[in-house]
Every structure is written in C-alpha cells, then in structure tokens.
Amino acid sequence: MRVLVTGVTGYIGSHAAVELLDVGHDVVGVDDFSASSPSVRAAIERAAGRPIELHELDLRNRAAVNCLFDKGNFDAVIHFAGRKFVGESMDRPVRYYSRNVGASINLAAAAQRHRVEKIVFSSSCTVYGNPAQLPVNEATPVAPVSPYGRTKVAVEDLFSDLCATDPNMSVLSLRYFNPIGAHPSGLLGEVPQGTPNNLLPYVMQVAAGQRSTLSVFGGDYDTADGTCIRDYVHVVDIAKAHVRALDYVDHVRGFDAMNLGTGRGSSVLEIITACRIATRRDIPYQIVDRRAGDAAVIFADPTRANIDLGWRAEANLTQMCFDHWRFERAHLAPEAQAS
Ligand code: UD1
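Listed below in structure tokens is the structure:
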C-alpha cells in the first residue's frame, strides 16, 4: 500500500514508518516539525534501508491537506500527528483542540473526499481516565479527565460518526498504554523537548547525569510498593501493531478501537530497578507529592488486539529499558558516554 503517515518524524510515527517499509509498504510522511526534526527522515531510511517521501505540512491548513490528497494517490492513512501532554493540555486547551481535533477534521474530510477509506488512528489509554475496573478492556467506559484525553475521544467520535454514515470507511483507533524503548538499531528513539514530562525520558536523563534526581510522584498509593502502576510497552511492538492494523482496515469496515499494551503493570520503582540494570548506572530518586490527575493503577487487557490483530507485545521491561538507554547513550556528549 501507499500509506500517508502523519507525524512521521515523531516518536511512534518514525518507528511505525520503519516497520511499514520493512514489509514493503511505501510511506509518504508529513510533519510540521513542531515537536520533531526533519533529520529523523535519514534515521528512518537508514533503519529500513529504503527511502520515504516527506513533506512539511501543518494539518490545520485545510488547503494544503487537500492539495496533498489531490496528488497523493494514497491507499490508507495512519494518523499520529498531535500533541500528547496532559499537563500542557490543562494550560493550553485551545491548542490541543486545534492541533488534535481541528487537524483531524481536515484529514477526515480530505480522506472521505478522495475516497481514502482505510484509516488507523493513534489514540491513548488516556481516554479511560481513572478506570473503576482493571484490567482495562475496550468495554471500559470512556471518561477522560484532561483536555488531551477529551481531544482523543473527540477524534474517535469523529471517525466513528464518519464510519456510521459512510459504509465504505474503515477506521481502527489504537489506544496505546505507555510506549517506551527505542529502535534496536539505536537510530530512532524519543527526543523530548525541554524537561521531559514522561517517566522514561526523565529516568534516562538522570542515568546519563544530565539531571541529578528523579522525583517519584507519590509513594502512598494503594499498590505493593506505594508507587503508581502502568502498562509499559515497547515502541517497536506498538509500531508493529500498525502493520497488522492496516491489514485489519483493509478487510473490516466500520469503526473499532483496540488497546495496545502488554497486560502487565509495573510500578515506578520497578522501572527504576529495570533501568538501573539496563544502564548499569545509579538512578537517585526521591519520593515527592502525588502528581495531580495520576491514576494509581492502569494496565490493559490486550485480548482484542491479540485475537483480532494477531498482535502481541513481545519485549520485556529490561529489553525496553535497554533499548531506550542505547538510543539515549548514542545521543550523549562523549564525556557523558564514557563516565
Ligand atoms: C500519560 C497518559 C498517556 C500518554 C502519556 C504520554 C494518562 C492516563 N496517560 O501517561 O495516555 O500517552 O502520558 O504523554 O493520562 N512519574 C514519576 N516521575 C516523573 C514522571 C512520571 O514518578 O518524573 C510517574 C507518574 O506519576 C506515572 C508514571 O511515572 O505514575 C508514568 O508517567 P508518564 O510517563 O507521565 O505517563 P502517564 O501519565 O502514565
């Protein structure tokens, strides 16, 4: 297939592009480079050994999106582009609705108009908010607790309504749990802008000596060690699910949503231990107050993806931390690598 990949130079988009190229799809990538660099293109091409087409494009520009589709001749779209930080979305909700929902409206309209009927959407477990029951399956009520989460639900609703009225459309929304790790080649990984918001990038910067201490947000949760539990899943496993998802939307019409996780939860302290093993470095931490809005425990029931996509997360926690570290290390200054 000739696949349009939005947000192709981002963390998950870049890994997915490599997997798509590996199985023989052609990738036409777009990105506005607001949270990534055009240099990621070379890393994708090196990792996959094949070229991609890349355009700088802001999906909020409706005319530009239509122009892209006029010339594109796409068979399918995988839509990654968007902002992803809960805290930032609380401070700047309009930005989130514009970049996540507004952009998706332009994309959906152009796809429908050009009869590009197969779409895979990058969603998040954040749509479930603080779920009452665990593990979280797709029947768990959607109840987001942040503007970011509500934008993901809004886009899922948009695609669901589109499919309900246009029987040829097929959209699969993939709800990622906590993607971590990096491509085993060391060429691709997560490049946070400024101070990292997420756990793994922060832990790795502490291991690298770029930050002195990790703040663990809350040590008094009702969990075995008192810290929050999440379902961490290797970004390459997530990327591979998109290859399966393309097959799925090729054969099944309508809207559907599936969880992508391992089905196992790990605490923040377990992550620190795994990262100490993977990095062979000390990771000093202190337990501080809880972070507002954090659920104590959330992990996936990935049965639907296991059965209907034939997909299963394979990497264990040590592998994920090791791969994350390999990328981080490759991008450190030489003196930090040696220490
Ligand atoms: C959130 C979103 C998820 C989104 C992800 C990426 C929810 C439920 N999940 O995940 O959809 O894809 O962000 O933006 O909204 N922690 C620390 N110290 C730190 C950083 C994090 O202790 O410096 C802890 C957090 O309290 C949490 C865990 O580490 O328990 C993971 O945090 P984080 O990486 O930010 O991901 P989530 O908040 O789970």
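Counting in our numbering, the sequence shown runs without a single skipped number right up to 441 at its last residue.
Don't be surprised by glycine CBs; every beta carbon is placed ideally from N, CA and C.
Identify the residues that DSSP records as bridge partners of L274: which are they?
-> V222, D358
Hey, quick one: how far does the alpha helix (DSSP H) through T108 stretch, first residue to last?
-> From DSSP, T108 is part of no alpha helix (DSSP H) but of the beta strand (DSSP E) over 104-108.
Three-state class that DSSP yields for S369 in the structure shown | strand
DSSP-derived helix/strand/coil call for I389 | strand
Buried or exposed: where does P269 fall if 16 or more other Cβ atoms within 10 Å of its Cβ makes it buried?
-> exposed
Does the beta-carbon of P281 have 16 or more other beta-carbons within 10 angstroms, so that it is buried, or is it exposed?
-> buried
In angstroms with no decimal places, state the Cα-to-Cα distance between M306 and V337.
-> 16 Å
Where G283 falls, given that 16 or more other Cβ within 10 Å makes a residue buried | buried
Is L362 near the ligand UD1, going by C-beta to nearest heavy atom under 7 Å?
-> no
Inter-residue Cα distance where the pair is F223 and F401 = 20 Å
How is A247 classed by DSSP in three states: helix, strand or coil?
-> Looking at the sequence itself, residue 247 is Val, so the reference to Ala does not match. V247: coil per DSSP, three-state reduction.
Distance, Cα to Cα, L411 vs A359?
-> 11 Å
Could you tell me whether the Cβ of Y323 comes closer than 8 Å to any Cβ of chain D?
-> The chain inventory of the structure shown lacks chain D, comprising one protein chain alone.
Per DSSP, cross-strand counterpart(s) of N175 | Partner(s): none; N175 has no beta bridge.
Heavy atom of the ligand UD1 less than 7 Å from the Cβ of T228, yes or no?
-> yes
Apply the 10 Å Cβ neighbour rule to R252 and answer buried if 16 or more other Cβ atoms are within range, or exposed otherwise.
-> buried
Comparing the CB of K186 with every heavy atom of the ligand UD1, is any distance shorter than 7 Å?
-> yes
Can you grab the Cα-Cα spacing for the pair L289 / G184, in whole Å?
-> 22 Å
Mapping DSSP to helix, strand and coil, what is A284?
-> coil
Any non-hydrogen atom of the ligand NAP within 7 Å of N208 CB = Among the ligands in the structure shown, the ligand NAP does not appear; only the ligand UD1 can be found there.
Can you tell me the Cα-Cα spacing of A310 and H285, whole angstroms?
-> 19 Å
What number of angstroms, rounded off, separates the C-alpha of T375 from the C-alpha of G356?
-> 43 Å
Since Y334 is in the beta strand (DSSP E), which residue starts that stretch and which ends it?
-> 334-336
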